[in-house]
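Asker:
Protein chains: 2
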Amino acid sequence: MDLTESQTPIQAPVRREQTAAFSPLYQQIRQLLLQALEKGEWKPGEMIPSEFDLARRFHVSQGTVRKAIDELAGEHILIRRQGKGTFVATHREPVVRFRFLRLAPSDGETVPADSEILWCRKVRANAEAAAALELKSGDGLIYIRRLLSFRGQPTVVDDIYLPASLFRGLTMAVLTENTGPLYGLLEARFGVSMVRADERLRAVAAPEDIAELMKIERHKPLLRVDRVSYTYGDRAVELRYGHYLTDQYFYRNTLM
Amino acid sequence: MDLTESQTPIQAPVRREQTAAFSPLYQQIRQLLLQALEKGEWKPGEMIPSEFDLARRFHVSQGTVRKAIDELAGEHILIRRQGKGTFVATHREPVVRFRFLRLAPSDGETVPADSEILWCRKVRANAEAAAALELKSGDGLIYIRRLLSFRGQPTVVDDIYLPASLFRGLTMAVLTENTGPLYGLLEARFGVSMVRADERLRAVAAPEDIAELMKIERHKPLLRVDRVSYTYGDRAVELRYGHYLTDQYFYRNTLM
DNA sequence: TAGTGGTCTAGACCACGGA
DNA sequence: CCGTGGTCTAGACCACTAG
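Chains L and C supply the protein sequences, listed in that same order. Sequential numbering from 1 applies to the first sequence in full-length UniProt numbering. Sequential numbering from 1 applies to the second sequence in full-length UniProt numbering.
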């Protein structure tokens, strides 16, 4: 995989002079790996070179590469599989999906979500969206509304805003023909991998349009989840407002 | 610190025969460290022995001890401080507290919580509490209700259930004279450290008694947070039902 | 200056998966 | 059988803290 190609190696492993901003070698390697991922050198689901190959490429020891990969694996950006190799994480694996869809049923039975795209429009960013997505007010956004149902019960309404510049060609048709998770589509078709998301949760009274979609009475309490998602390098690439009906499901979380 | 005392060392570092349940050495060390913590050999806030001392004690290399500590530090059970030592995490440090109280104000300003204990009673475990706390129905529990206010606005009502057997002597008087966080009291006075918690979030209409305490109208949407907390070794030691008013505050969470 | 955690290396060997 | 990640060791040196 391009091991002989020209590729900005760390020449003399940079030992900054004392008391200057000190960055350990393995952090520099971590950054180089992130850059390679961002460039798309290895795609989601693919295997990256072995630790020894990477060590040769970056002119460091295998242990140092290992520590860099350890960190990225801890962030769920890479996935180690003993005996097989190290792979780029992908949202097309269900285990990843569960990290980003935190609804679980009150009574055991896990259940697949049934997704219906309600619309997909181009809009202009208002101040709030622009601030969250690090854009300018008025920049183009793609606005998607979708409805998730479990066992036929409409349970989640998501209003999703994506920078139009990153997702040219994302249309209603593309969305409806996609079967897997949305993030899987975004990474496979547009090369944008969601790596982290910050959420803010509140209890709110159901707005009229959402109550109608969910077939519930107005003002019923809903869990509102505001999400900003980030790709490599903490770049915000999605703003999402979710309304969750939590009669049969709950939002699960673990504090550590 | 008892380095010469008799203490079940790993004698011949146990290399299990092939294909049998294999546990790496550093995992065995991790378990021994957890046992020492559980025994109270090192108390919250205290420094544990250096990596080299522990290596001698357990008859392994410093690198192996280091890897065990790495894991415990990743679980926020231990805290490393370069140049000083490795310390047992304590809930009396604000940084830890924020991991377990996830409310943040909608408008910047962070604010200290003002806690009022409403009552502290002995009750018997119902089926639900018994199941969550791994007890038998009818076992003794301490039931605490408290009210947290921010800027004078009542915002959180917590109903807390603790196994009476673990917290003998926990009374209204003890609670009211405690100034810091509840978990700080529990670890300092009863030797029970909260290490992890699972939460289930729902939006609900405010029950009458809670609406009254918060001085809000009945049926107003509240965020209900059911929590089970665990100490070392995944032992459940707290069941808590929280009702959060999310007009001015939100529950923050990061997905990774 | 001494003691602690943090980094980096090189080498040996083990566990796992697949050909 | 080989190639991968995983473990363990020993040793050298760096960065940080405190006396």
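C-beta: ideal position from N, C-alpha, C; glycine also.
Apply the 10 Å Cβ neighbour rule to L/D2 and answer buried if 16 or more other Cβ atoms are within range, or exposed otherwise.
Answerer: The residue given as residue 2 of chain L occupies position 2 in the first sequence. Residue confidence for L/D2 is low, a pLDDT of 31 falling below 50, so the modelled location carries little weight and cannot support an answer.
Asker: With distances taken from CA atoms, which of C/I160, C/R196, C/D198, C/S165 is nearest C/L182?
Answerer: In the second sequence, the residue the question calls residue 182 of chain C occupies position 182. Considering only alpha carbons, the answer is C/I160.
Asker: Can you list, in chain order, the stretches of the beta strand (DSSP E) that have 3 or more residues and sit fully within the segment 162-247 of chain L?
Answerer: 196-205, 221-231, 235-244
Asker: Give a yes or no on whether the minimum CB-CB distance between C/T254 and chain L is below 8 Å.
Answerer: The residue you call residue 254 of chain C lines up with position 254 of the second sequence. So, interface residue.
Asker: Would you check if the distance between the CB atom of L/A164 and the CB atom of L/G140 is smaller than 8 Å?
Answerer: Position 164 of the first sequence, counted from the first residue, corresponds to residue 164 of chain L. Position 140 of the first sequence, counted from the first residue, corresponds to residue 140 of chain L. Yes, the pair counts as a contact, with Cβ atoms nearer than the cut-off.
Asker: Name the two residues that bound the continuous beta strand (DSSP E) containing L/F250.
Answerer: What you label residue 250 of chain L is simply residue 250 of the first sequence in a count that begins at 1. Note, L/F250: beta strand (DSSP E), 249-255.
Asker: So, using beta-carbon positions, are C/R240 and C/G180 closer together than 8 Å?
Answerer: Against the second sequence, residue 240 of chain C aligns to sequence position 240. Against the second sequence, residue 180 of chain C aligns to sequence position 180. Not in contact: C/R240 and C/G180 (Cβ atoms no closer than 8 Å).
Asker: Counting only beta-carbon separations shorter than 8 Å, does C/Y251 have a partner in chain L?
Answerer: Within the second sequence, residue 251 of chain C is the residue found at index 251, counting from 1. So, interface residue.
Asker: Taking only beta-carbon positions, decide if L/T90 is within less than 8 Å of chain C.
Answerer: If you number the first sequence from 1, residue 90 of chain L lands on position 90. No - not a single Cβ of chain C is within 8 Å of the one on L/T90.
Asker: Any contact of the segment 227-243 of chain L with the segment 69-87 of chain C, i.e. 3+ C-beta pairs under 8 Å?
Answerer: no
Asker: Give a yes or no on whether 8 Å exceeds the smallest Cβ distance from C/A100 to chain L.
Answerer: As a position in the second sequence, residue 100 of chain C is number 100, starting the count at 1. Going by the sequence as given, residue 100 of chain C is Phe instead of Ala. Taking Cβ atoms only, chain L reaches closer than 8 Å to C/F100, which makes this a yes.
Asker: For C/L72 versus C/R30, is the C-beta distance shorter than 8 Å?
Answerer: Looking up residue 72 of chain C in the second sequence gives position 72. Looking up residue 30 of chain C in the second sequence gives position 30. Between C/L72 and C/R30, the C-beta spacing is below 8 Å.
Asker: Return the chain-ordered list of same chain residues with a C-beta closer than 8 Å to the C-beta of L/S6, the five sequence neighbours on each side being excluded.
Answerer: Here residue 6 of chain L corresponds to residue number 6 of the first sequence, with the count starting at 1. Confidence at L/S6 is low in this model, with a pLDDT of 31, below 50, so its placement is unreliable and no value can be given for it.
Asker: Could you tell me if L/N253 is buried or exposed, where buried requires 16 or more neighbouring beta carbons within 10 angstroms of its beta carbon?
Answerer: Against the first sequence, residue 253 of chain L aligns to sequence position 253. Flag for L/N253 reads buried.
Asker: Is the number of C-beta pairs between the segment 219-232 of chain L and the segment 185-194 of chain L that are closer than 8 Å three or more?
Answerer: yes
Asker: Within the same chain, show all residues whose beta-carbon is closer than 7 Å to that of L/A104, passing over the 5 residues directly before and after it, in chain order.
Answerer: Residue mapping note: residue 104 of chain L aligns to position 104 of the first sequence, counting from 1. Excluding residues within five positions, the ones whose Cβ falls inside 7 Å are Y249, F250, R252.
Asker: At a CB-CB cut-off below 7 Å, which residues of chain L make contact with C/G205?
Answerer: To locate residue 205 of chain C, count along the second sequence from 1; it is residue 205. One point to set straight first is that residue 205 of chain C is Ala, not Gly, in the sequence displayed. Here the neighbours are P221.
Asker: Spell out whether any CB of chain L is found under 8 Å from the CB atom of C/L182.
Answerer: As a working note, residue 182 of chain C is residue 182 in the second sequence. Interface annotation, C/L182: not in contact with chain L, CB-CB separation never under 8 Å.
Asker: For a test of the three-state rule: what should DSSP assign to L/I69, helix, strand or coil?
Answerer: Position 69 of the first sequence holds residue 69 of chain L. Of the three classes helix, strand and coil, the one that applies to L/I69 here is helix, per DSSP.
Asker: So, is the C-beta of C/A68 closer than 8 Å to a C-beta in chain L?
Answerer: The count along the second sequence starts at 1 and reaches residue 68 of chain C at position 68. No, C/A68 does not count as interfacial toward chain L.
Asker: Could you tell me which whole alpha helix (DSSP H) segments of length 4 or greater appear in the segment 25-106 of chain C?
Answerer: 25-39, 51-58, 62-74, 94-100
Asker: Starting from C/E128, follow the alpha helix (DSSP H) in both directions and report where the run begins and ends.
Answerer: Taking the second sequence and counting its residues from 1, one reaches residue 128 of chain C at position 128. Element bounds for C/E128: 127-133.
Asker: Going by the CB atoms, is the gap between L/L175 and L/F190 shorter than 8 Å?
Answerer: The sequence position of residue 190 of chain L within the first sequence is 190, counting from 1. The sequence position of residue 175 of chain L within the first sequence is 175, counting from 1. No, the Cβ-Cβ distance between L/F190 and L/L175 is not below 8 Å.
Asker: Ordered along the chain, which non-local residues of its own chain (more than five positions away) have a Cβ less than 7 Å from that of L/R97?
Answerer: Taking the first residue of the first sequence as position 1, residue 97 of chain L is located at position 97. If we look at L/R97 and ignore the five residues flanking it on each side, its Cβ neighbours are H91, P181.
Asker: Taking the C-alpha atoms as reference points, what is the distance between L/G242 and C/L148?
Answerer: Translated into positions along the first sequence, residue 242 of chain L becomes position 242. Translated into positions along the second sequence, residue 148 of chain C becomes position 148. Taking the straight line from one Cα to the other gives about 27 Å.
Asker: Does the beta-carbon distance from L/A129 to L/G138 come in below 8 Å?
Answerer: Counting from 1 along the first sequence, the entry for residue 129 of chain L is found at position 129. Counting from 1 along the first sequence, the entry for residue 138 of chain L is found at position 138. No, these two residues do not count as a Cβ contact at 8 Å.
Asker: Mind listing which residues of the segment 186-217 of chain L have their C-beta closer than 7 Å to chain C's C-betas, in chain order?
Answerer: Answer in chain order: R196, A197, D198, E199, R200, L201, R202, A203, V204, A205.
Asker: Any beta carbon of chain C sitting closer than 8 Å to that of L/H59?
Answerer: As a working mapping, residue 59 of chain L is identified with position 59 in the first sequence. L/H59 does not count as touching chain C.
Asker: Does the beta-carbon of C/T155 have 16 or more other beta-carbons within 10 angstroms, so that it is buried, or is it exposed?
Answerer: Indexing the second sequence from 1 puts residue 155 of chain C at position 155. Under this definition C/T155 is a buried residue.
Asker: In three-state terms, what does DSSP make of L/V111?
Answerer: Here residue 111 of chain L corresponds to residue number 111 of the first sequence, with the count starting at 1. In the structure shown, L/V111 sits in coil (DSSP, three-state: anything other than H, G, I, E or B).
Asker: Going along chain L, which residues have a C-beta under 8 Å from C/E75?
Answerer: As a working mapping, residue 75 of chain C is identified with position 75 in the second sequence. The answer, in chain order, is M256.
Asker: For a contact meaning CB atoms closer than 7 Å, what does C/T246 contact in chain L?
Answerer: Stepping through the second sequence from its first residue, residue 246 of chain C is reached at position 246. Within chain L, the residues near C/T246 are R202, A203.
Asker: How long is the line joining the alpha carbons of C/Q35 and C/R168, rounded to whole angstroms?
Answerer: Your numbering for residue 35 of chain C matches position 35 in the second sequence. Your numbering for residue 168 of chain C matches position 168 in the second sequence. Distance between the alpha carbons of C/Q35 and C/R168 is about 23 Å.
Asker: Please say whether C/I210 and C/V157 have beta carbons closer to each other than 8 Å?
Answerer: Here residue 157 of chain C is taken as the residue at index 157 of the second sequence, counted from 1. Here residue 210 of chain C is taken as the residue at index 210 of the second sequence, counted from 1. It is a contact, given that the beta carbons lie within the stated cut-off.
Asker: When the Cα of C/E187 is compared with those of C/K43, C/A113, C/L25, which residue comes out closest?
Answerer: As a first step, residue 187 of chain C must be located in the second sequence, where it is residue number 187. The residue with the shortest Cα to Cα distance from C/E187 is C/K43.
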